[in-house]
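Read through the structure below, which is laid out as structure tokens, and then see the notes.
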Amino acid sequence: MLDDFLLRAALAGLAVALAAGPLGCLVVWRRIAYFGDATSHAAILGVALALALQIPVLAGVLAAALAVALAVSGLGGRYYGADTLLGVAAHSGLALGLVAIALTAPASVSVESFLFGEILAVGRSDLVVIWLGALAILGGLAWRWSALLTATVNPELAQAAGFDPRREQLLMTCALALLVAVALKVVGALLITAMLVIPAAAARPLARSPEAMALIATALSVAAVGLGIWASWRLDSPTGPTIVSAAAGLFVVVQAVRPVLRRGSWF
Amino acid sequence: MTLPADALIRTEGLRLDRGGQRVLWDIDLTLRRGEVVTIVGPNGSGKTTLLRLLIGALVPTAGRLRRAPGLRLGYVPQKLRLDPTLPLTVDRFLGLPRRVPADAAARALQRVGMAGAAGRQVAALSGGQTQRVMLARALLGAPDLLILDEATQGLDQPGEAAFYRLIDEVRRTLGCGVLMVSHDLHVVMSASDRVICLNGHICCEGAPQAVSDAPEYRALFGIGTGGALALYQHAHDHHHDHGHEHDHGHGHDHDHGPAHARPDTDSEGADSEGTVSEGAGFEGAGR
Ligand SMILES: Nc1ncnc2c1ncn2[C@@H]1O[C@H](COP(=O)(O)OP(=O)(O)O)[C@@H](O)[C@H]1O
Ligand SMILES: [Mg+2]
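Residue numbers (full-length UniProt numbering), protein chains in the order written: chain U, 1 to 267; chain Z, 1 to 287.
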């Protein structure tokens, strides 16, 4: 039995999985998982902003995520490594956002739905926005793939080949902010980075080329969404966390079968 | 500032500050087609920083820089630093950012002594093999200017000699300019048309012999009145020192053992083993 809301949930999850696969690979290759955290935690601030200004939540989230992402991209300085500063930004953003929501939101607003998503409540218009966002991310990544990959391998090689690595970084930043905005309803602010990092990490031992890894990560991500929605329906568990648990399960399975696959990598 | 007809890059009064400190200053430089120019200088003298300025990866604090319109750059960085989570075969790497035909890739690998390595993972290569593959990639772009940052680090002795022969051949066949950074002072002297001695600013420059006789150069590298032999021994000593602060006060007078037993510059201990066993020089070293 496939209820209408389950179908909408599956389609929303599919869109996020398709965008998160390749974007997540770039995130792990560039070691910017903390950057993903800082951006996605800013979404909570964005929710508070939207509630206070009475603008659509999606607009508030996109604005906050983009602002924080631009502010913290390329951080790192004399006294701190980039990961330390991003850790500071990620966690203070989350704390501030929670405080701001408590101060501005009416009692009827559930903070939990923003932290962990509410994929089963995705409506028709949400679905359109989520798909548009996901397709924009995929289009942007496909358009700049070669330059992005070169800049990821070595920024100076990209520079010498006539691409500005800062431009590619800006594209990554915008793609991440957009993903945060569309995935908020699906997995929630706390688990968006998980959907970026876990499928990509699971795909790594199975791939011999960057493109293969992006495809495998996408496939695993789609599988995690399907498994997660099914399991949460059967177990009556929160859907976002169940999807991420399914992704974690796939990661463990890949680790377990890795010695078997070792002799001939598939791709 | 005008660009002479055969000039590829020209700078005037280039200056770069980082963290409130001047790293490079008063850099006036013109690189020409068909010319091999080598930058020598102690650790931290700004060699890598100058190359990064020239390719546009850093923005100068002051001064002017002009590149010939449509200039194609081939760049070999000091180190690749590939993240192990990024699966990348040698042939995919050669096709970054623009894919290249398989036969062209195979020929480029052959040229640098890495024939048959197309399917190997870049992360699994030794330091010297990675340098060779990066050189092959740079050559595939048919560069007007080839820029190499300590490209012979990690290469074994025959590999290094073959490397300089290849650079000379590339310069003749492509007619490109070559700018390299090197610690191999004794090799530099024979392989370059012009040597630039850098220590934040250009201390002296000119034909290799003229530079090696210049008092600024000899002061910078701590060469006394011992002549060519002292120069060689110093250059040799240089390698053992690499990675530490330079200590020019002593150690130039005694022998440092057989020339072939040099450790790698800048690379991990594991690399030196791999590259020494490659042995065969630039042809047939790739398995
Ligand atoms: N990212 C950076 N921030 C601040 N200073 C730097 C940075 N990179 C290099 N430097 C400084 O610039 C100087 C030149 O460095 P570099 O060009 O790498 O030297 P070389 O290649 O000649 O060994 C050094 O003193 C170094 O401390
Ligand atoms: Mg250097």
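All residues carry an ideal CB built from backbone N, CA and C; glycine is no exception.
Taking the Cα of residue 71 of chain U as reference, the smallest distance to any Cα among U:206, U:165, U:85 and U:21 is reached at U:85. Put simply, the backbone Cα of residue 69 of chain U is about 8 Å away from that of residue 174 of chain U.
For residue 56 of chain Z, the neighbours in chain U by C-beta distance under 7 Å run, in chain order, 159. For residue 82 of chain Z, the chain U residues whose Cβ falls inside 7 Å of its Cβ are 153, in order along the chain. Per DSSP, the continuous beta strand (DSSP E) segment holding residue 21 of chain Z begins and ends at 21-32.
The C-beta of residue 73 of chain U has 16 or more other C-beta atoms within 10 Å across all chains shown, which makes the residue buried. Between the alpha carbons of residue 181 of chain Z and residue 41 of chain Z lies a distance of about 9 Å. Annotation: the continuous beta strand (DSSP E) that includes residue 11 of chain Z extends over 7-18. Shown here, residue 83 of chain Z sits in coil according to DSSP, grouped into three states, outside any helix or strand.
Using a cutoff of 6 Å, the CB of residue 47 of chain Z counts as near ligand 2, since one of the ligand's heavy atoms is closer than that. Listed as beta-bridge partners of residue 145 of chain Z by DSSP are Z:73 and Z:177.
Using a Cβ-Cβ cut-off of 7 Å, residue 207 of chain U is close to 87 of chain Z, given in chain order. In the pairwise beta carbon analysis, the stretch 43-61 of chain U is classified as not touching the stretch 201-214 of chain U: fewer than three pairs are separated by under 8 Å. In this structure, ligand 1 has no non-hydrogen atom nearer than 6 Å to the beta-carbon of residue 111 of chain Z. Residue 19 of chain U places its beta carbon 7 Å or farther from that of residue 176 of chain U. Put simply, the CB of residue 232 of chain U is far from chain Z, with every gap to its CB atoms at 7 Å or more. In terms of beta-carbon proximity, residue 69 of chain Z stays away from the interface with chain U, with every pair separated by 7 Å or more. For the options Z:176, Z:54, Z:120 and Z:63, the alpha carbon positioned closest to that of residue 90 of chain Z is the one of Z:120.
Of the heavy atoms belonging to ligand 1, at least one sits nearer than 6 Å to the Cβ of residue 44 of chain Z. Beta-bridge partners of residue 201 of chain Z (DSSP): Z:199. A direct Cα-to-Cα measurement between residue 36 of chain Z and residue 150 of chain Z gives close to 14 Å. Residue 5 of chain U is classed as exposed because its beta carbon has fewer than 16 other beta carbons within 10 Å across all chains shown. In this structure, residue 92 of chain U and residue 189 of chain U do not form a Cβ contact; the two beta carbons are roughly 14 Å apart against a cut-off of 8 Å. In terms of Cβ geometry, residue 64 of chain Z and residue 58 of chain Z do not form a close pair [threshold 7 Å]. The beta carbon of residue 124 of chain U lies closer than 8 Å to those of 8 in the same chain, with the five residues before and after it left out. Residues of chain U with a Cβ closer than 8 Å to the Cβ of residue 66 of chain Z do not exist, since the nearest Cβ in that chain sits about 16 Å away. Contact of residue 210 of chain U with chain Z by beta-carbon distance below 8 Å involves 86, 87, 88 and 92.
Taking C-beta atoms under 8 Å as the contact rule, residue 139 of chain Z and residue 108 of chain Z qualify, at a distance of about 5 Å.
Between ligand 1 and residue 59 of chain Z, a heavy atom-to-CB distance of less than 6 Å is absent. At a cut-off of 7 Å between beta carbons, residue 150 of chain U contacts chain Z. Leaving aside the five residues that flank residue 136 of chain Z on each side, the residues in its chain whose CB is nearer than 6 Å to its CB run, in chain order, 108, 109 and 112. Residue environment for residue 212 of chain Z: buried (at least 16 other C-beta atoms within 10 angstroms of its C-beta). Taking 9 Å as the Cβ-Cβ cut-off, the stretch 21-42 of chain U approaches chain Z at 25, 28, 29, 30 and 31, given in chain order. Shortest Cα-Cα distance from residue 11 of chain Z to any of Z:23, Z:31 and Z:19 involves Z:31. Counting only residues of its own chain and dropping the five nearest sequence neighbours on each side, residue 143 of chain Z has a CB closer than 8 Å to the CB of 72, 73, 74, 174 and 176. Contact between the stretch 128-141 of chain U and the stretch 193-208 of chain U is not established, with fewer than three Cβ pairs separated by less than 8 Å.
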